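A.B. asks:
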Amino acid sequence: QNMFIAPLLARSSRAASFARQSATALRAAHGRHRPMSRRLVTRRQLGREQIELDVSASAPQVESSSTDHGQLSEEGQHALVLDRFLPGSLAVQLRTEFDAAFADPRSLDPKRFVWDFWHMPSQYSHHRTPAAQFFSAATYEQLETELLNFGQRQLGCSAMTPIWLSYYIDGSRQELHADVPHGPWAFVISLTHDADHGSAFTGGETMILEPRVLDYWRTFSSSEVVELPSLMTLHAPKFNRLLAFDPRMPHGVRIVEGTRDPTRARIVLHGWFAEPAPFFEGALSEEQATDALQDALDPLFERLAELPLAIGVLTLRLHIDGTDGSVRNVEGPLTDTLVARPQTLAEHEDPAAVREEIWAAVLDAMSSARFPASADGGDSWITLPLVFDDGDQ
Numbered sequence: 001q002n003m004f005i006a007p008l009l010a011r012s013s014r015a016a017s018f019a020r021q022s023a024t025a026l027r028a029a030h031g032r033h034r035p036m037s038r039r040l041v042t043r044r045q046l047g048r049e050q051i052e053l054d055v056s057a058s059a060p061q062v063e064s065s066s067t068d069h070g071q072l073s074e075e076g077q078h079a080l081v082l083d084r085f086l087p088g089s090l091a092v093q094l095r096t097e098f099d100a101a102f103a104d105p106r107s108l109d110p111k112r113f114v115w116d117f118w119h120m121p122s123q124y125s126h127h128r129t130p131a132a133q134f135f136s137a138a139t140y141e142q143l144e145t146e147l148l149n150f151g152q153r154q155l156g157c158s159a160m161t162p163i164w165l166s167y168y169i170d171g172s173r174q175e176l177h178a179d180v181p182h183g184p185w186a187f188v189i190s191l192t193h194d195a196d197h198g199s200a201f202t203g204g205e206t207m208i209l210e211p212r213v214l215d216y217w218r219t220f221s222s223s224e225v226v227e228l229p230s231l232m233t234l235h236a237p238k239f240n241r242l243l244a245f246d247p248r249m250p251h252g253v254r255i256v257e258g259t260r261d262p263t264r265a266r267i268v269l270h271g272w273f274a275e276p277a278p279f280f281e282g283a284l285s286e287e288q289a290t291d292a293l294q295d296a297l298d299p300l301f302e303r304l305a306e307l308p309l310a311i312g313v314l315t316l317r318l319h320i321d322g323t324d325g326s327v328r329n330v331e332g333p334l335t336d337t338l339v340a341r342p343q344t345l346a347e348h349e350d351p352a353a354v355r356e357e358i359w360a361a362v363l364d365a366m367s368s369a370r371f372p373a374s375a376d377g378g379d380s381w382i383t384l385p386l387v388f389d390d391g392d393q
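Using the UniProt record's numbering, you'd call the opening residue of the sequence shown number 1 and step up by one each time.
1) Please return the same chain residues whose Cβ sits closer than 6 angstroms to the Cβ of Pro262, not counting the five positions on each side in sequence.
2) Across the region 324–342 and the region 367–381, are there enough close Cβ pairs to call them in contact, namely three or more that are closer than 8 angstroms?
3) So Gly88 is in the beta strand (DSSP E); what residue range does that whole segment cover?
4) Would you report the Cα separation of residue 394 and Glu74, rounded to the nearest angstrom?
5) Alpha helix (DSSP H) containing Ala289: first to last residue?
6) Of all the beta strand (DSSP E) runs that stay within the bounds of the region 175–202, which reach a length of 3 or more residues?
7) What does a CB cutoff of less than 8 angstroms around Gln133 pick up in its chain, not counting 5 residues either side in sequence?
8) In the DSSP assignment, the beta strand (DSSP E) including Tyr167 goes from what residue to what residue?
9) Does the beta-carbon of Ser380 have 16 or more other beta-carbons within 10 angstroms, so that it is buried, or is it exposed?
10) Roughly how many whole angstroms lie between the Cα atoms of Gly204 and His78?
11) My guess is that Leu300 and Gly76 are in contact by the Cβ rule of under 8 angstroms, so how many angstroms apart are they, rounded?
12) With a threshold of 16 other CB atoms inside 10 Å of the CB of Pro211, please say whether the residue is buried or exposed.
13) Using the three-state DSSP reduction, which class does Pro372 fall into: helix, strand or coil?
14) Can the beta-carbon of Ala265 be found less than 7 angstroms from the beta-carbon of Ile169?
15) Using only alpha-carbon positions, find the residue among Leu80, Gly282, Gln288 and Asn240 that is nearest to Leu90.
16) In its own chain, which residues sit with a C-beta less than 7 angstroms from the C-beta of Ile311, not counting the 5 before and 5 after it?
17) Buried or exposed for Asp336, going by 16 or more other Cβ atoms inside 10 Å?
18) Out of Gly377, Ile320, Glu302 and Ala352, state which residue places its alpha-carbon closest to the alpha-carbon of Ser368.
19) Return the residue from the list Pro181, Glu257, Glu302 and Glu281 that minimises the CA-CA distance to Pro247.
20) Mind checking Glu347: buried by the 16 CB within 10 Å criterion, or exposed?
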């Protein structure tokens, strides 16, 4: 089941039922987070209710995201890359604390003894430790704050799993796999020195299967050379680069060859964003905006129930005029991992056309939404993740 709204099912007989379920889910989103199989980190659990986000500056922006009623790409956007993601001083501090633990090989610093060598033959092999137990409390709290801010404003995710810290030396790797059901977005932040990649070691790139490979014969051409670059996207471990990606896509880490020195290894922070939920900013409170948002979603659910099944997440941001409650702008898609279910498509029906039809319905419903005017006339913003989950039916 979807953690924000009920699964957007393409069966007209269920339209009314999931509209009712969605109303319950939206109201239940206030002040709580549903439990998952692992502990989640949320802003409320961290005691950060006082943190205010600047909606006009400072928040990371993904250059590849379209805005102002953007068009969907043919296959969606299954990976987001942000260079210089963390404030420079924080990225340097994280790396400094890592290096300090390994500076003296004879040291009995406890941080040298907290590492799990995670080795599953033919699948995973690298060293890892919970980042919260390795870094100083102040440094780790800053890291969580940056990630939570990004997850809420850009991805529409209200929580994340605890963060791992890993290093990859000679022979370390991750073979292809998918992360289900950890969360709608996985993330990797590299603390690797740029000078070490390619000199101290080779490999270590995060590799993500190209979406078209999962529908190989539809785009197959006997005249094209098929080699690794056409099958995988490789993301180098550049220092302070955030890679957020759809963990349903088969992915892994290319084998590292070279260094056995942890300080010259592939060093990364990683985890998953979880709990998609609306994120409210500006003059209107969450309580003031909820009923109006639900009123806009109900007819949208009815329309989506008539369309072929799809799975994935569409995230958009509503800019609400404080003077009259109208929607001034729909920004998005901020994220788009939507995939049409092939088994529900009519013969010769284009999956890309189905995606566009879904997006058009979303834009129409959200553009015409009406919210209360704010008491002071100030504008509001809602980051809205729409989770499509057919329950494997």
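All C-beta atoms in this analysis are idealised placements derived from N, C-alpha and C, irrespective of residue type, glycine included. Since we're looking at a predicted model, the values are computed, not measured.
C.D. replies: According to the structure data:
1) As a first step, residue 262 must be located in the sequence shown, where it is residue number 262. If we look at Pro262 and ignore the five residues flanking it on each side, its Cβ neighbours are Phe102 and Tyr167.
2) yes
3) Within the sequence shown, the letter at position 88 stands for residue 88. Note, Gly88: premise wrong, no beta strand (DSSP E); alpha helix (DSSP H) at Gly88 to Phe102.
4) The question about residue 394 has no answer, for the chain in this structure spans 1 to 393.
5) Counting from 1 along the sequence shown, the entry for residue 289 is found at position 289. Counting along the chain, the alpha helix (DSSP H) containing Ala289 begins and ends at Glu286 to Leu304.
6) 185–190
7) Counting from one through the sequence shown, the residue named residue 133 turns up at place 133. Cβ within range, chain order: Val114.
8) Reading the sequence shown from its first residue, position 167 is the one you call residue 167. That run of the beta strand (DSSP E) goes Trp164 to Tyr168.
9) As a position in the sequence shown, residue 380 is number 380, starting the count at 1. Result: buried.
10) To locate residue 204, count along the sequence shown from 1; it is residue 204. To locate residue 78, count along the sequence shown from 1; it is residue 78. Going from the Cα of Gly204 to the Cα of His78 covers about 20 angstroms.
11) Position 300 of the sequence shown holds residue 300. Position 76 of the sequence shown holds residue 76. The pair is not a contact, with the Cβ atoms about 20 angstroms apart (cut-off 8 angstroms).
12) As a first step, residue 211 is located in the sequence shown; it is residue number 211 there, counting from the start. Buried, by the Cβ-count rule.
13) The residue given as residue 372 occupies position 372 in the sequence shown. Coil.
14) Counting from one through the sequence shown, the residue named residue 265 turns up at place 265. Counting from one through the sequence shown, the residue named residue 169 turns up at place 169. In this structure, Ile169 lies closer than 7 angstroms to Ala265 by Cβ.
15) By one-based count along the sequence shown, residue 90 stands at place 90. Of the listed residues, the one whose Cα sits closest to Leu90 is Asn240.
16) Numbered from 1 along the sequence shown, position 311 holds the residue referred to as residue 311. For Ile311, where only same-chain residues beyond five positions count, the Cβ hits under 7 angstroms are Val339, Arg341, Phe388, Asp389 and Asp390.
17) Taking the first residue of the sequence shown as 1, we reach residue 336 at position 336. The residue is buried, with at least 16 neighbouring Cβ atoms inside 10 Å.
18) Taking the sequence shown and counting its residues from 1, one reaches residue 368 at position 368. Minimum Cα distance to Ser368 is reached at Ile320.
19) By one-based count along the sequence shown, residue 247 stands at place 247. Taking only the C-alpha atoms, the option nearest Pro247 is Pro181.
20) Taking the sequence shown and counting its residues from 1, one reaches residue 347 at position 347. Flag for Glu347 reads exposed.
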